[in-house]
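Here is the structure we will look at.
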Amino acid sequence: MDISHIEHIGIAVKSIEETSKYYEGVLGLKCYAIEEVADQKVKTAFFKVGQTKIELLEPTAEDSTVAKFIENRGEGIHHIAFCVNGIEKCLSEVELAGLRLIDKAPRKGAEGLSIAFLHPKSTFGVLTEMCENKNK
Ligand code: ZN
């Protein structure tokens, strides 16, 4: 498969507002977008670090998977997202390799990216997102 770089690192937080005091106030990164992803029940905030982004994920409902993550493991790194060229081909390679997919087909994520998650049980504990920007 053709992975170009780490697109973003997803971090589960209780409050984007509180967490921004660290990322903006201390680290000096600029939040350039806040977006609600209704089907994942999260609010997201993006900070650019070179080619890679930090994506803060704040749950908007108690039954959000991010809310459950925080409940079980606390705030912290939630997933790593790779930027891939040809996400459909990538997913079929992952499936052929016998790995478990959370999304068998790409769906729409934040920033209009096509995204799909691989199950952490198949990726040594790291929830892994594959994404492709088809709008470029
Ligand atoms: Zn993500």
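Residue numbers for the sequence shown follow the numbering used here, so the first one is 83 and each next one is one higher. Where is the CB? At the ideal position from N, CA and C, for every residue including glycine.
Fewer than three beta-carbon pairs drawn from the stretch 135 to 147 and the stretch 172 to 183 are found closer than 8 Å, and the two stretches are therefore not classed as touching. With a cutoff of 8 Å on beta-carbon distance, residue 183 and residue 214 are scored as not near each other. Under the three-pair Cβ rule at 8 Å, the stretch 156 to 171 counts as touching the stretch 88 to 97. Closest in C-alpha terms to residue 192, from the list 102, 128, 207, comes 128.
Residue environment analysis places residue 122 among the buried positions, since at least 16 neighbouring C-beta atoms fall within 10 angstroms of its C-beta.
Listed in chain order, the beta strand (DSSP E) elements of length 3 or more contained wholly in the stretch 149 to 212 are 158 to 167, 196 to 200. In this structure, residue 84 keeps its C-beta atom at 8 Å or more from the C-beta atom of residue 217.
If you draw a straight line from the Cα of residue 97 to the Cα of residue 179, it comes to about 38 Å. Of the other Cβ atoms in all chains shown, 16 or more fall within 10 Å of the Cβ of residue 138; this residue is therefore buried. In the DSSP assignment, residue 86 falls within the unbroken beta strand (DSSP E) covering 84 to 94. Non-local C-beta neighbours of residue 118 in its own chain, meaning closer than 8 Å and more than five positions away in sequence, comprise 124, 125, 126, 142, ordered along the chain. Remark: C-beta atoms of residue 198 and residue 152 do not approach each other more closely than 8 Å. Those residues that have a beta carbon less than 6 Å away from any non-hydrogen atom of the ligand ZN are, in order along the chain, 90, 92, 137, 161, 163, 211.
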